[in-house]
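Reading through the structure tokens given below for one structure.
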Amino acid sequence: MSDSRAAILSRIRDLNLEKKEHPVIPDFEKNGDVKSQFINSLVASHVSVIEGNLDTSLFEQITSKNDIIYSNVDELSSLSTIQKDQLEDQLTLSSLDHVIVRGEIGVGENGAIWLPEINIEKRVMSFITLHLIVIVSKNDLVHDMHQAYSKIKELPGFGLFVAGPSKTADIEQSLVIGAHGPKRMTVLLTD
Amino acid sequence: MSKPKVGLFIPCYVDQFYPQVAIASLELLEKLGCEVTYPMNQTCCGQPTANSGYEHLNTSVNDLFVDNFASFEYIVCPSGSCTLHVKEHMHAEGKPNESLHVRENSYELVEFITDVLGVSEISVVFPHKVGYHASCHGLRGLRLGSGSERNIAQFNKPEQLLKTIEGLELVDLDMKDECCGFGGTFAVAEEALSVKMGKDRITDHIKHEAEVITGYDMSCLMHMEGIINRDGLPIKVKHIAEILNGAGL
Amino acid sequence: MSHSQKAAEFVQNEAKTNWHNETLWWVRNKRDISTQKIPEWEELRSLGSAVKENVMTNLADYLEEFEKNATANGIHVHWAADGQEHNRIVQSILEQHNAKKVVKSKSILTEECGLNHHLEDIGIEVVDTDLGERIVQFAKQPPSHIVLPAIHMKKEEISELFHKHLQTEEGNNDPQYLTEAARQHLREKFLNADVAITGVNFGIAETGGFVVCTNEGNADMGVHLAPVHIASMGIEKLIPRFEDLGIFTRLLARSATGQPITNYTSHFHRPESGKEIHVVLVDNGRTAQLGREKFRNSLKCIRCGACMNTCPIYRRSGGYSYNSTVPGPIGSILSPGFDLKKNKSLPFASTLCGSCSDVCPVKINIHEQLYEWRQVIVSEGLDASPKKFAMKVASKVLGSSKLYFSLGKMARKSLSTLPNKMIYNNLNAWGKQRDLPKPPKESFKEWYKKNRS
């Protein structure tokens, strides 16, 4: 234990501040159709949305021949052009064209999708790919972030709310998609 | 019902430079049925020194203020900024009850008219295009309007009164509650910025073809008037009390 | 130089001042639109404020809880009393891993600690990976805004920098093109980094984890590729519970840029297998601020930058006019706590318009604290003596109705009789670009005496 630890804690405790209670977060009223909210939020964040089933033929339209694809969704494993162990190689990772993962929760108010580590395989995967494809079930949609967090029962070592392709507006506030990570994001909304 | 007894608090710079605003405030309150007294020994609320960091020097200013006004049912002032200062900082040593009474019963002129007198309409004529300047302390301190920052039901007490005036057309502004850059000693301490802010405000009003800028704080209007006169700009300023009291352009 | 001098320089370039003003106002507008979509917005602000109030008043307990849970998660927790100790801790972690190349993502705290200089001095390559931060790093400048680090620069200037550092085409100012060049350049840096350093948006006491928010994904690119992740966290960044994130993720991005949420909201609880996560908890003046009753709740700040975007002063004077790591209204109430003398002009760089307090997602009473710092600066004797003298005279005059009456009369008389040359001189800052009001024949007091008493 460092001296600074003890010093910081005692400096705080010596102030003897009157303790204030943690507030209760109320159950805010949820209005409207969550599915259309979710889709609208995604579209506003430059995400393409497809409604359909886990049919590999769907992906022919959004991928090209010779693309490097890794699917971490069992039903779509036939789409993978590389093996899991190849993900250990950084250059392979860096050349990924499409990554397909399953999202656990979709949030209507902002289009954010919860990706726990177990759905991603390698943490960097969903950031380094050119195109991130996320499968979300309509049954997993919630209205807002309060509901989303209350649905997360098991904390992964790493988990992510992703809400669109990588973007920046650091040059004169001009929006550019694809700052470091994905230049494209597609959500497949399934029944 | 007995007449509301009002002590009229006239800010120092209004007393010295804009007596017509004070006269309009007095006449307006009387027209609306108040018994108005102007305590002759009043000077200032002490805001200029306090906002400069010298609140501790205000002992005698505060004493004088509380002595002048503690006996009135209401203290009414044609300035949002000075009223806010009184409500937030007025305390005379050894007179906690009198100070509290002064703080709790001080009103800016417009809110006194709408909230205390319950007046919702003013029957005067002012056939001009008017730009309304929402001075900051009245807007965000006294909450004379809802303001653009907060997500609450919209309201605007001064505009609500202005809209009832015959012939008066309120113009829309690009930035409806941006600061004009007066800010008391800020106006001289940060002269370059202050003037830039003032120019930007005036430009917004002129762009929307206002003939006159009105508001409840003569200090902001004085600052903008200073720029308007120096640059010969095609717009005027007029305190809201003057318009509500039936003045012409 | 004081804020007013730097601001006067900034406004000299009127076209750029207008652009800066309008661009930030546009961001403020996006914030308004986005917050208006949330009916419970004001309630969320109150909740955010109340949660932080709970944090401030139980900080030692929460820090211990965080440390215990984070350690159990396999995260190494370090404590730094000040910026120097923070830098030494980071250095020692780098040395343990024989690290030479560091990628960093937006962290105002590491700016505050001067980490880049410290590491560069010992031969470490430090690359800021947020596009805006990389731009200002090329320009050898600090960020001018905590969320939009290069907002003071025009694309032509950025194009020139990139031409020099990244060999982009001369004169190609297209943001898309320039961003792509930075992407290629930074991709190589990410792939070769030994250590990634990030800031922390929220540390969660209950779970011993932390959250980092970005739009570009640069924090994640760095930390998931490098074997070691160091997260620098101010001790006030704690929140008690996981569920509190529901409040703060809703407040943060909407306040900052008007987005409903940041693109990437990353939750770290355990290192990836074979890797390490270190959290450095930093005091650096925060416990002192906690002890200042009137300024304590400045520590509630979640660094959204909304107060900068709304501030009519910041918009027209730029971030550098504040000469402080955190510029703008929130910086002007934090910085005096670090160094009162150096930052004494900042609390005066405001008209106390109060817009900052009304946009603040955690309801910090920023403008009231500016007022209070002014009182402190004066009582510490740091105000300039001419003003001190003027204020003493003013309080004398305004404290006496007789003096006020006679001096007022005199002043009005001299204003109406003196030649303009004597009124409008260098000593009269008011009159440099503004006329004084025309003095009336009589004051209201005189009129009242004549007509009403």
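Chains as they are written, first to last, in our numbering: chain A, 709 to 899; chain B, 816 to 1064; chain C, 259 to 711. Note that CB positions come from ideal geometry on N, CA and C, so glycine has one too.
- With respect to the 7 angstroms criterion, residue 569 of chain C and residue 614 of chain C are classified as neighbours on the basis of their beta carbons.
- In the pairwise beta carbon analysis, the segment 432-439 of chain C is classified as touching the segment 883-899 of chain A: at least three pairs are separated by under 8 angstroms.
- Around the C-beta of residue 710 of chain C, fewer than 16 other C-beta atoms lie within 10 Å, and the residue is accordingly described as exposed.
- The three-state reading of DSSP puts residue 1031 of chain B in coil, since its state is none of H, G, I, E or B.
- Residue pairing from DSSP places residue 469 of chain C in a beta bridge opposite C:460, C:525.
- With respect to the 7 angstroms criterion, residue 971 of chain B and residue 293 of chain C are not classified as neighbours on the basis of their beta carbons.
- When beta bridges are read from the DSSP output, residue 869 of chain A appears opposite A:822, C:523.
- Residue-level contact by beta carbon holds for residue 692 of chain C and chain B, with a gap shorter than 7 angstroms.
- Taking the Cα positions, residue 1023 of chain B is about 39 angstroms away from residue 389 of chain C.
- If you draw a straight line from the Cα of residue 898 of chain A to the Cα of residue 375 of chain C, it is about 51 angstroms long.
- The beta carbon of residue 416 of chain C falls within 7 angstroms of a beta carbon belonging to chain A, placing the residue at that interface.
- Residue burial annotation: residue 284 of chain C is exposed, with fewer than 16 other C-beta atoms found within 10 angstroms of its C-beta.
- Between the alpha carbons of residue 488 of chain C and residue 828 of chain A lies a distance of about 22 angstroms.
- Going by beta carbons, residue 948 of chain B and residue 895 of chain B fall outside the 7 angstroms limit.
- Straight-line spacing of the CA atoms in residue 429 of chain C and residue 412 of chain C works out to 13 angstroms.
- At a C-beta separation below 8 angstroms, residue 441 of chain C has these neighbours in chain A: 886, 887, 888.
- Taking each of C:402, C:394, C:404 in turn and checking the Cα distance to residue 416 of chain C, the smallest one comes out for C:394.
- Around residue 726 of chain A, the beta-carbon contacts reaching into chain C at under 8 angstroms are 315.
- Counting along the chain, residue 889 of chain B sits inside the beta strand (DSSP E) bounded by residues 889-892.
- In this structure the segment 900-907 of chain B does not lie against the segment 935-942 of chain B, because fewer than three pairs of beta carbons, one per stretch, are closer than 8 angstroms.
- Looking at the DSSP output, residue 981 of chain B bridges to B:940.
- By the 16-neighbour rule on beta-carbons within 10 angstroms, residue 735 of chain A is exposed.
- Ranking C:456, C:383, C:477 by CA distance to the CA of residue 490 of chain C puts C:456 first.
- Residue burial annotation: residue 833 of chain A is buried, with at least 16 other C-beta atoms found within 10 angstroms of its C-beta.
- Residue 391 of chain C is outside the set of residues whose beta carbon lies under 7 angstroms from a beta carbon in chain B.
- Between residue 1033 of chain B and chain C, the shortest Cβ-Cβ separation is not below 7 angstroms.
- Residue 364 of chain C and residue 382 of chain C have their C-alpha atoms roughly 18 angstroms apart.
- Cβ proximity to chain C below 9 angstroms picks out 1004, 1005, 1006, 1007, 1008, 1009, 1010, 1011, 1012, 1013, 1014, 1015 from the segment 1004-1023 of chain B.
- Sequence-distant partners of residue 795 of chain A (beyond 5 residues in either direction) whose C-beta falls short of 8 angstroms from its own C-beta, in its chain, are 778, 801, 829, 830, 833.
- Remark: C-beta atoms of residue 1033 of chain B and residue 1020 of chain B do not approach each other more closely than 7 angstroms.
- With a cutoff of 7 angstroms on beta-carbon distance, residue 944 of chain B and residue 1006 of chain B are scored as not near each other.
- In chain order, 955, 962, 964, 965 make up the part of chain B whose C-beta sits under 8 angstroms from the C-beta of residue 616 of chain C.
- Within its own chain, the residues whose Cβ lies closer than 7 angstroms to the Cβ of residue 885 of chain B, once the five positions on either side in sequence are excluded, are 913, 916, 917, listed in chain order.
- Taking a C-beta cut-off of 8 angstroms against chain A, the contacting residues of the segment 524-542 of chain C are 524, 525, 526, 527, 528, 529, 530, 539, 541, listed in chain order.
- Bridge partners of residue 384 of chain C according to DSSP: C:360.
- In this structure, the alpha-carbon of residue 1059 of chain B lies about 19 angstroms from that of residue 830 of chain B.
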